[in-house]
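For reference, the structure is listed below as structure tokens.
Protein chains: 2
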Amino acid sequence: MERVVMKFGGSSVATIDKIKQVAQLVVQRKQEVKDLVVVVSAMGKSTNHLIELAGELSNEPSECEMDLLMATGEMVSSALLAIYLNAIGSKACSLTGFQVGLKTSGAHMQGKIENAGSEKLDQCLAEGAIAVVTGFQGIDEAGEITTLGRGGSDTSAVALAAVLNARCEIYTDVAGIYTADPRIRQQAYKLDHVTYEETMEMANLGAKVLEPRSVEMANRYHVPLYVALNTGDIIGTQILSEDERMEKTTLTNVSKIDEVLLVNLKAGDNKDLNITECFLRLAHAHINIDIISHTVDHEGNRLTSFTSTTGSKTKIERILKELAADYTFTEDVSKVSIIGSAMRNQTGIAARAFDVFYAQDIPFYSVSTSEISISYVVDTAASNQIVNALADEFGL
Amino acid sequence: MERVVMKFGGSSVATIDKIKQVAQLVVQRKQEVKDLVVVVSAMGKSTNHLIELAGELSNEPSECEMDLLMATGEMVSSALLAIYLNAIGSKACSLTGFQVGLKTSGAHMQGKIENAGSEKLDQCLAEGAIAVVTGFQGIDEAGEITTLGRGGSDTSAVALAAVLNARCEIYTDVAGIYTADPRIRQQAYKLDHVTYEETMEMANLGAKVLEPRSVEMANRYHVPLYVALNTGDIIGTQILSEDERMEKTTLTNVSKIDEVLLVNLKAGDNKDLNITECFLRLAHAHINIDIISHTVDHEGNRLTSFTSTTGSKTKIERILKELAADYTFTEDVSKVSIIGSAMRNQTGIAARAFDVFYAQDIPFYSVSTSEISISYVVDTAASNQIVNALADEFGL
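Residue numbers (the UniProt record's numbering), protein chains in the order written: chain H, 1 to 396; chain S, 1 to 396.
Given below as structure tokens:
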């Protein structure tokens, strides 16, 4: 292995002892690879503390200053890790976002990576030192320090791996990507391989493993991505492209998202609800809507339903009232999804899934399909039962 | 007033409430001046906490990493102050050492300022915003973040004032520069004016007001320097060059330094001690030696004495033993100094001071004079008495 970028999140470097543990893993990896870059997040909840301090000074702190404030968290953890690596005899240098040329564009606190790489980083690696890089931060065209928003450190790591032509290893609190949430399904098992597309679909459909942004970037730049436990002693999950996957599985994952709100609209001939107008207004109010279904009943009424989150209920209700819509809410529902790129080639998966619902006598309100997933809206009370039944059927 | 650089130390921004107080003073000053730069240190003891963390990881943390680690303290305080200034309606931007182009040379953790100023700083001021700059830090030629060592934030402020052609105002816990330490002499009073030279001499001779480095730089670049209380409601002390001072005073200050070690060496004809060799070895061991005096006694013995600090006693003893020197130590002594550039032109000051010692019946072991100061080595037990007596004589 020539080059590797390892990434450790906030909980992996939360204390001095954890930093020492991470260092052991890093030193071990350095013996196996030529060039090693380590990307770290801020220690535990240290960034939250800084946000609280800012909150005491302003209700709406200026984002440019928040970026500088928050970026200090990663500087502390990267400096400390480098200090310890040097102390135990492994040459290391800490490098900030701007020192590794991590150029961003876009708004403060949600910068998008435009470019990465610098002479300083190359020089550090050329000297055989481990480059310990601050995650989550970059610098924009105007020379302002920026932060990358949610999942920023994963994205920093993938971006550096892309420019260095390196493998990217994300170390976290879980041992890899599972077929289902082990808290819901005891028999869930870790996948050895999964595709970029499936990982992105999982992230969008409730499996909290990797931020879709970083996976998308890894896919675009063909960065081999690997997720594993931050102790390093269990083999994790390799994320690769469809054509790299040797073993063909049927499906890879069953996920669920709770706190879904199902909105049912009824429009007859007389009281004509303009559905387009309704969706435009919801979009304008930044309300995400998801599974949309539409039918016409026996009396000729047009029935439309869509899902959103329970958190958006008040806003949605206000808009529907303004439009004098005839609506009902179905609450305490969940979205259960099965995911697998094998769906593209294999037929009958939808039929088998429908059979499971029939056999379990669990009704679903709504269904939507993508190229590599099928999602069902069901009562939350029945959601764990159906997750297990679907996992049984597809061996997940 | 066109341009002003205000500097606030760590204790002035130690808490959220203190940051708010500083902001009030800054906003008030901004109404009086066109361009305003504010340089801040890290909040209270926050840097010490970071140093402790590093200490848990390494006995000798790499200095390059320590610089990055310590530099975060000032980033936090400058971001927080800028957040609050914006919150109360005063446009402000926070800028780091590298963003204001504070270029340094020399070793890590003790960088020397080579240059300062950047487009970003000019732009911020041109927009009428208050530039809130991190003190104590810069960037070196290799693009490494550096810190400036002791008194670094004062020096940052003076360097920025020099390039901006601005007045530099240092706000601290004391109301200005006093004729003597008020804890020793109740009648000590604040000086309205004092010269750069006197201030440097005072700093070297025990008055802990400003680091000599920043005063030296202010002197070199003709930066008007002002020291005042961080609440801003008492007029402080203006530091200026000799020819700018309107009122002519005799002396400006009486200071003392405790924990002085007096070393007495005796070299006869037989056991020839090479004094030069001795001083070279002490210098090699990084031991500062100060007042040196030399006489020959009635029997032809060469008597040499010098002062150092009690903290260096063990090292000094080791070296003297290696040289088989005939030595004694006089401990519990202090160095009392009178300072004033008026010494240059006024005669009789030394005589008046000697008279004070005679009248008080206090002996001194050693004396040294510079162009603008006279220092006496006396027993610590008598030091406060002589400080007061000298202050009485010279009206300090």
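Beta carbons: idealized from backbone N, C-alpha and C, even for Gly.
Residue burial annotation: Gln99/S is buried, with at least 16 other C-beta atoms found within 10 angstroms of its C-beta. For Gly135/H and Leu262/S, the gap between their C-alpha atoms comes out near 54 Å.
The beta carbon of Ala203/H sits closer than 8 Å to those of Val209, Leu210, Glu211, Pro212, Val215, all from its chain and outside the five residues before and after it, given in chain order.
By the rule that beta-carbons nearer than 8 Å mark a contact, Glu371/S does not touch chain H.
For Asn301/S, there is no enclosing beta strand (DSSP E), as DSSP marks it with neither H nor E. Inter-residue distance for Val356/H and Glu393/H is about 7 Å (C-alpha atoms, whole angstroms). Taking C-beta atoms under 8 Å as the contact rule, Gly44/S and Gly97/S fail to qualify, at a distance of about 20 Å.
DSSP places Met217/H inside the alpha helix (DSSP H), whose first and last residues are 212-220.
Assigned with DSSP and collapsed to three states, Arg167/H falls in strand.
Counting the other Cβ atoms within 10 Å of the Cβ of Pro363/S gives fewer than 16, which makes it exposed. Within 7 Å of the CB of Cys124/S, no CB atom of chain H is found; the nearest one sits about 11 Å away.
In summary, Tyr358/H is exposed, with fewer than 16 beta-carbon neighbours lying within 10 Å of its beta-carbon over all protein chains present. The beta-bridge partner set that DSSP reports for Cys93/H consists of Ala131/H. C-alpha of Glu56/H to C-alpha of Asp361/S: approximately 60 Å in a straight line. In this structure Leu81/H touches Val38/H by the C-beta definition: roughly 7 Å separates them, less than 8 Å.
Per DSSP, Met43/H has no beta bridge partner at all. According to the DSSP secondary-structure assignment, Tyr178/S is paired through a beta bridge with Lys190/S.
Inter-residue distance for Gly395/S and Ala166/S is about 34 Å (C-alpha atoms, whole angstroms).
Secondary structure within the UniProt domain "Aspartokinase ACT" (336-394) of chain H: the beta strand (DSSP E) runs of 3 or more consecutive residues, fully enclosed, are 366-369, 373-379 (chain order). Interface annotation for the segment 97-123 of chain H against chain S: Gln99, Lys120, criterion Cβ-Cβ distance under 7 Å.
By the neighbour-count criterion, in which 16 or more other beta carbons inside 10 Å mark a residue as buried, Gln238/S falls on the buried side. Comparing C-alpha distances from Asp258/S to each of Ala381/S, Thr172/S, Ile83/S, Glu127/S shows the shortest one belongs to Ala381/S.
When DSSP states are grouped into helix, strand and coil, Leu396/S belongs to the coil group. In this structure, the beta-carbon distance from Val260/S to Ser334/S falls below 8 Å. At least one C-beta of chain H is nearer than 8 Å to the C-beta of Thr72/S. For Ser12/S, not one C-beta of chain H is nearer than 8 Å to its own C-beta. Residue contact with chain S for Ser58/H: present (Cβ-Cβ distance below 8 Å to some residue of chain S). For Asp297/H, the closest alpha carbon among the candidates Ile319/H, Lys315/H, Thr195/H, Leu265/H is that of Leu265/H. When beta bridges are read from the DSSP output, Leu36/H appears opposite Val4/H. When Cβ-Cβ separations below 8 Å define contact, Ala87/H makes contact with chain S.
Only residues of its own chain outside the window of five on either side were considered, and among them Glu63, Met66, Asp67, Thr147, Gly149 have a CB closer than 7 Å to the CB of Met109/H, listed in chain order. Check the Cα spacing between Glu244/S and each of Ala267/S, Ser90/S, Val194/S, Gly206/S: the tightest is with Val194/S. For Leu53/S, the neighbours in chain H by C-beta distance under 7 Å run, in chain order, Ile16, Leu80. With fewer than 16 other CB atoms across the displayed protein chains lying within 10 angstroms of its CB, Ser105/S is exposed. By the beta-carbon neighbour count (other beta carbons within 10 angstroms, threshold 16), Asn48/S is exposed. Chain H has no Cβ within less than 8 Å of the Cβ of Glu127/S.
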